[in-house]
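Chemist: Residue numbers for the sequence shown follow the working numbering, beginning at 9 and rising by one.
Even for Gly, the Cβ is constructed at its ideal location relative to N, Cα and C.
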Amino acid sequence: MDKSPLKSFLLTLLYALFFFVVILRCAKINIGLGILAAVIIFLVVIFLKRATLYSLAAQLTFNKDKQKAFDYFEKAYKTKKMKPQVALFYSYLLLRDAKCEEADKKIDEILKNQKTQLTETDIKNAHLNKALIRWKTGDLKGAIEKAQALYDDNFKTTALYGVLGYWYILDNNYEKALQINKEAYDYNDSDLIICDNLAQNYYLLGDVGKAFEIYQNIMEKEPTFIEAYYNFACVLNKKGEKEKAIENLEKALEIDEKFLSCVTHNEVKKLLDELRNE
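(1) Can you name, in chain order, every residue of its own chain whose Cβ lies under 6 angstroms from the Cβ of residue 77, other than the five neighbours on each side?
(2) CB-CB under 7 angstroms to residue 185, same chain, minus the five flanking residues each way: which ones, in chain order?
(3) Exposed or buried, which one is residue 198 when buried takes at least 16 other CB atoms within 10 Å?
(4) What runs of the alpha helix (DSSP H), each 4 residues or longer, lie entirely inside the segment 81–154?
(5) With a cut-off of 8 angstroms on the beta carbons, I'd call residue 263 and residue 283 a contact; round off their distance for me.
(6) Express the C-alpha separation of residue 74 and residue 171 in angstroms, rounding to a whole number.
(7) Within the same chain, show all residues whose beta-carbon is closer than 8 angstroms to that of residue 246, passing over the 5 residues directly before and after it, in chain order.
(8) Candidates 189, 236, 81, 227: which alpha carbon is nearest residue 166's?
(9) Report yes or no: do three or more beta-carbon pairs, one from the segment 105–116 and one from the segment 129–145, lie closer than 8 angstroms?
(10) Given that a residue counts as buried once 16 or more other Cβ atoms are within 10 Å of its Cβ, and exposed if not, what is residue 204?
(11) Would you tell me roughly how many angstroms separate the C-alpha atoms of residue 84 and residue 134, rounded to the nearest one?
(12) Taking DSSP as the reference, what is the three-state secondary structure of residue 257?
(13) Count the C-beta pairs between the segment 236–246 and the segment 141–151 that are closer than 8 angstroms, then say yes if the count reaches three, no if not.
(14) Taking 7 angstroms as the limit between beta carbons, can you name the residues of its chain near residue 285, skipping five residues before and five after?
(15) Does DSSP put residue 184 in a helix, a strand or coil?
(16) Are the CB atoms of residue 236 and residue 226 within a distance shorter than 8 angstroms?
(17) Give the DSSP-derived three-state secondary structure of residue 285 in the structure shown.
(18) Are there 16 or more other CB atoms within 10 angstroms of the CB of residue 256, so buried, or fewer, so exposed?
(19) In chain order, what residues of the same chain have a beta carbon less than 7 angstroms from the beta carbon of residue 223, not counting five sequence neighbours either side?
(20) What's the call for residue 36, buried or exposed, on a 16-neighbour Cβ count within 10 Å?
(21) Under a Cβ-count criterion, where at least 16 other Cβ atoms within 10 Å of its own Cβ denotes burial, should residue 106 be classed as buried or exposed?
(22) Report the three-state DSSP secondary structure of residue 275 (helix, strand or coil).
(23) For residue 252, which residues from the same chain have a beta carbon less than 7 angstroms from its beta carbon, with the 5 sequence-adjacent residues on both sides left out?
(24) What separation, rounded to the nearest whole angstrom, lies between the Cα atoms of residue 80 and residue 265?
(25) How many angstroms separate the CA atom of residue 40 from the CA atom of residue 33?
Structure (structure tokens):
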């Protein structure tokens, strides 16, 4: 396991005191020697902490220049000094950016070389990300199998419920999906993805009334993902409210499409064209 925060702090404090004493003694001998010692120690610290510094630079840069941020993360990763939790975060960012093969490779390397430094939750989240990779590379059955195995191992989180419930819908296993999605709703009824899954599930099972009721609550919270507006549009259209359905599809197109999005802009446009041409 990784060092506790207190242990890390005390170790850092001990090093700082040691370096301070070294600089002080050198300065007593000669002020120039003291300055030289300070510069050398500063450079050594930068070298030893380069992975942390690169990672920090990446996080500060990410929103402005994503590719530059990835370059910093990669430099940090290649030092082999990157904290495994940060490395897993980097692998997730790669996945989100459609770099599935690279993300999968890094997850495997981290689990192989740094597993002892990870918590059980870290490890299971890493396997959940591998399930996401399977889904996005066309292996829905493999993704479900991996996520279900985590669920069976009593790993139940908002993220796990969100993907597993949706994947069973994609697999046309609506009854199994409903079991997961109802349980997910009991687990976290404030998560809009879980709510969307349950509402879509009811819609696909023919219970438009329940689906509509849940979507009314979802829309009050102004969701920021395409799927909610697209799925609600399907419900509205089924209820004969075509104009409102069109309004929601137009809202869906205002939201940026992401690699992990379950509904694409093309799908939204297709349904929008169908409704407008009826």
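Modeler: For this structure:
(1) Translated into positions along the sequence shown, residue 77 becomes position 69. Answer for residue 77: 66, 69, 70, listed in chain order.
(2) Locating residue 185 in the sequence shown gives position 177, where the first residue counts as 1. So the qualifying residues of the chain are 173, 176, 177, 209.
(3) In the sequence shown, counting from the first residue as 1, residue 198 sits at position 190. Counting Cβ neighbours within 10 Å, residue 198 comes out exposed, since fewer than 16 surround it.
(4) 92–104, 108–121, 128–144
(5) The residue you call residue 263 lines up with position 255 of the sequence shown. The residue you call residue 283 lines up with position 275 of the sequence shown. Cβ atoms of residue 263 and residue 283 stay farther apart than 8 angstroms, at about 18 angstroms.
(6) Position 163 of the sequence shown, counted from the first residue, corresponds to residue 171. Position 66 of the sequence shown, counted from the first residue, corresponds to residue 74. Answer to the nearest angstrom: the Cα atoms are 26 angstroms apart.
(7) As a first step, residue 246 must be located in the sequence shown, where it is residue number 238. Excluding positions up to five away in sequence, the list reads 211, 216.
(8) Your numbering for residue 166 matches position 158 in the sequence shown. With distances taken between Cα atoms, residue 166 lies closest to 189.
(9) With a cut-off of 8 angstroms on Cβ pairs, the segment 105–116 is in contact with the segment 129–145, counting three or more such pairs.
(10) Within the sequence shown, numbered from 1, the residue matching residue 204 stands at position 196. Label assigned to residue 204: buried.
(11) Start at 1 with the first residue of the sequence shown, and residue 84 comes out as number 76. Start at 1 with the first residue of the sequence shown, and residue 134 comes out as number 126. About 19 angstroms.
(12) Taking the sequence shown and counting its residues from 1, the one referred to as residue 257 is at position 249. In the three-state DSSP reduction, residue 257 falls in the helix class (H, G or I).
(13) Contact between the segment 236–246 and the segment 141–151 is absent, because fewer than three Cβ pairs lie under 8 angstroms.
(14) Looking up residue 285 in the sequence shown gives position 277. Once the five neighbours on either side are set aside, residue 285 has no close Cβ partner at all.
(15) Here residue 184 is taken as the residue at index 176 of the sequence shown, counted from 1. The answer is helix: DSSP assigns residue 184 an H, G or I state.
(16) The residue you call residue 226 lines up with position 218 of the sequence shown. The residue you call residue 236 lines up with position 228 of the sequence shown. The answer is yes: Cβ separation under 8 angstroms.
(17) In the sequence shown, the residue the question calls residue 285 occupies position 277. Three-state result, residue 285: coil.
(18) Position 248 of the sequence shown, counted from the first residue, corresponds to residue 256. Under this definition residue 256 is a buried residue.
(19) Walking along the sequence shown from the start, residue 223 turns up at place 215. Correct list, in chain order: 207, 240, 243.
(20) In the sequence shown, residue 36 corresponds to position 28, counting from 1. Per the 10 Å Cβ criterion, exposed.
(21) As a working note, residue 106 is residue 98 in the sequence shown. The residue is exposed, with fewer than 16 neighbouring Cβ atoms inside 10 Å.
(22) Position 267 of the sequence shown, counted from the first residue, corresponds to residue 275. Residue 275 falls in the helix class under three-state DSSP.
(23) Taking the sequence shown and counting its residues from 1, the one referred to as residue 252 is at position 244. Once the five neighbours on either side are set aside, the close Cβ partners of residue 252 are 244.
(24) For the purposes of this step, residue 80 is taken as the residue at position 72 of the sequence shown. For the purposes of this step, residue 265 is taken as the residue at position 257 of the sequence shown. Using only the alpha carbons, I get a separation of about 25 angstroms.
(25) On the sequence shown, position 32 is the one that residue 40 refers to. On the sequence shown, position 25 is the one that residue 33 refers to. For residue 40 and residue 33, the distance between alpha carbons rounds to 12 angstroms.
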